[in-house]
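Here's the structure we're looking at; comments come further down.
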Amino acid sequence: MTGSPAPVTVLVVDDDVQILRALRINLTARGYRVFTAACGTTALRAAADTHPDVVVLDLGLPDLDGTQVIAGLRGWTTVPIIVLSARTDSSDKVRALDQGADDYVTKPFGVDELLARLRAAVRRAATTGGGSDPCVETGELAIDLAAKVVRRAGVEVHLTPTEWSILELLVRHRGRLVTRRQLLDEVWGPGDRKETSYLRVYLGQLRRKLEPDPAHPRHLITEAGMGYRFRS
């Protein structure tokens with residue numbers, strides 16, 4: 006005799022207590038398992054702890070902009086993200102979708118429409134195999150993409166924000182080539198710069214901090230003339 010399927014887990018992120026309460030009641034009544042967060046920092050920690058099947062996210066949070074939360078989630082997971090926001094400007098929608106949101110619903114909203122979009126997002130994720138583990142362990146390294154913590158042989162390693170941004174991007178694409186242009190654009194922002202000295206300096210620093218033998222790296226690999234690769 007087979008058991009009932011596990012309920013779909015939803016993380017709802019909004020600083021409006023009434024919306025959080027209404028969605029928790031409506032979703033729970035329909036069989037969903039619901040977690041809530043009222044700020045971006047709490048949302049990122051809750052996502053790492055609960056591994057939701059879908060995230061419903063407001064953009065106007067008290068500590069972080071919702072697009073920052075999207076970027077933080079996309080650092081380690083492909084969980085569907087449905088933006089639920091009062092912002093109606095097309096530029097806000099484009100920015101959220103470009104950061105990695107899957108859908109955008111404007112406030113005020115109908116619960117039935119939101120539920121339909123939620124079901125569609127969960128179905129798409131089921132067919133594409135959404136989600137991933139925020140913790141990557143290889144050799145002496147343990148990298149927690151959600152907590153933004155790196156340990157080598159059990160000891161936490163301090164990284165600068167730029168070093169972390171480079172490492173996160175490489176780990177997120179682990180095993181795949183990340184071009185120099187992509188690194189420059191995503192870490193420093195798009196522009197016409199052609200210099201690659203930034204990357205050589207920072208990759209050298211990362212290797213000294215993370216590699217057993219920086220001169221012969223095992224994980225942070227240079228692909229001559231193209232870019233870099235994180236190898237597990």
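In our numbering, the protein residues as written are 6 to 237.
Even glycine gets a Cβ: it sits at the ideal position worked out from N, Cα and C.
Out of curiosity, what's the CA-to-CA distance linking residue i and residue j?
i	j	result
residue 129	residue 104	18 Å
residue 21	residue 96	23 Å
residue 208	residue 168	8 Å
residue 231	residue 29	48 Å
residue 185	residue 45	30 Å
residue 76	residue 220	32 Å
residue 64	residue 156	32 Å
residue 6	residue 36	Caution applies to residue 6, whose pLDDT of 41 falls short of 50 and renders its modelled position unreliable; the model cannot decide the point.
residue 83	residue 16	14 Å
residue 38	residue 123	13 Å
residue 85	residue 141	21 Å
residue 210	residue 193	17 Å
residue 170	residue 153	10 Å
residue 229	residue 187	15 Å
residue 98	residue 218	45 Å
residue 116	residue 27	9 Å
residue 107	residue 25	20 Å
residue 162	residue 143	15 Å
residue 91	residue 55	27 Å
residue 227	residue 23	51 Å
residue 34	residue 102	29 Å
residue 69	residue 119	23 Å
residue 160	residue 148	11 Å
Under the DSSP definition of a beta bridge, which residues are partnered with residue i?
i	result
residue 234	226
residue 238	The structure shown does not extend to residue 238, since the chain is modelled only from 6 through 237, so no value can be given for it.
residue 109	88
I want to check one thing, is the minimum distance from the CB of residue i to the heavy atoms of the ligand FAD below 7 Å?
i	result
residue 50	The model on display carries no ligand, and the ligand FAD is accordingly not part of it.
With the cut-off set at 8 Å, would you say residue i and residue j are in Cβ contact?
i	j	result
residue 213	residue 222	no
residue 18	residue 59	no
residue 177	residue 71	no
residue 262	residue 67	Nothing in the structure corresponds to residue 262, since the chain is present only between 6 and 237.
residue 87	residue 42	no
residue 139	residue 53	yes
residue 203	residue 189	yes
residue 51	residue 74	no
residue 215	residue 150	no
So residue i and residue j are supposed to be a Cβ contact under 8 Å. How far apart are they, rounded?
i	j	result
residue 164	residue 172	7 Å
residue 224	residue 205	In fact, because the Cβ distance is near 17 Å, the residues do not count as touching under 8 Å.
residue 110	residue 89	5 Å
Is there at least one Cβ from chain C nearer than 8 Å to residue i's Cβ?
i	result
residue 44	In the displayed structure, chain C is absent; only one protein chain is listed.
Would you mind listing the alpha helix (DSSP H) stretches within the segment 16 to 99 that are 4+ residues and don't spill past its ends, in chain order? Segments of the alpha helix (DSSP H) lying fully in the segment 16 to 99: 22 to 34, 45 to 55, 71 to 79.
Mind listing, in chain order, the continuous alpha helix (DSSP H) runs of no fewer than 4 residues lying wholly within the segment 111 to 190? The qualifying runs are 116 to 133, 166 to 177.
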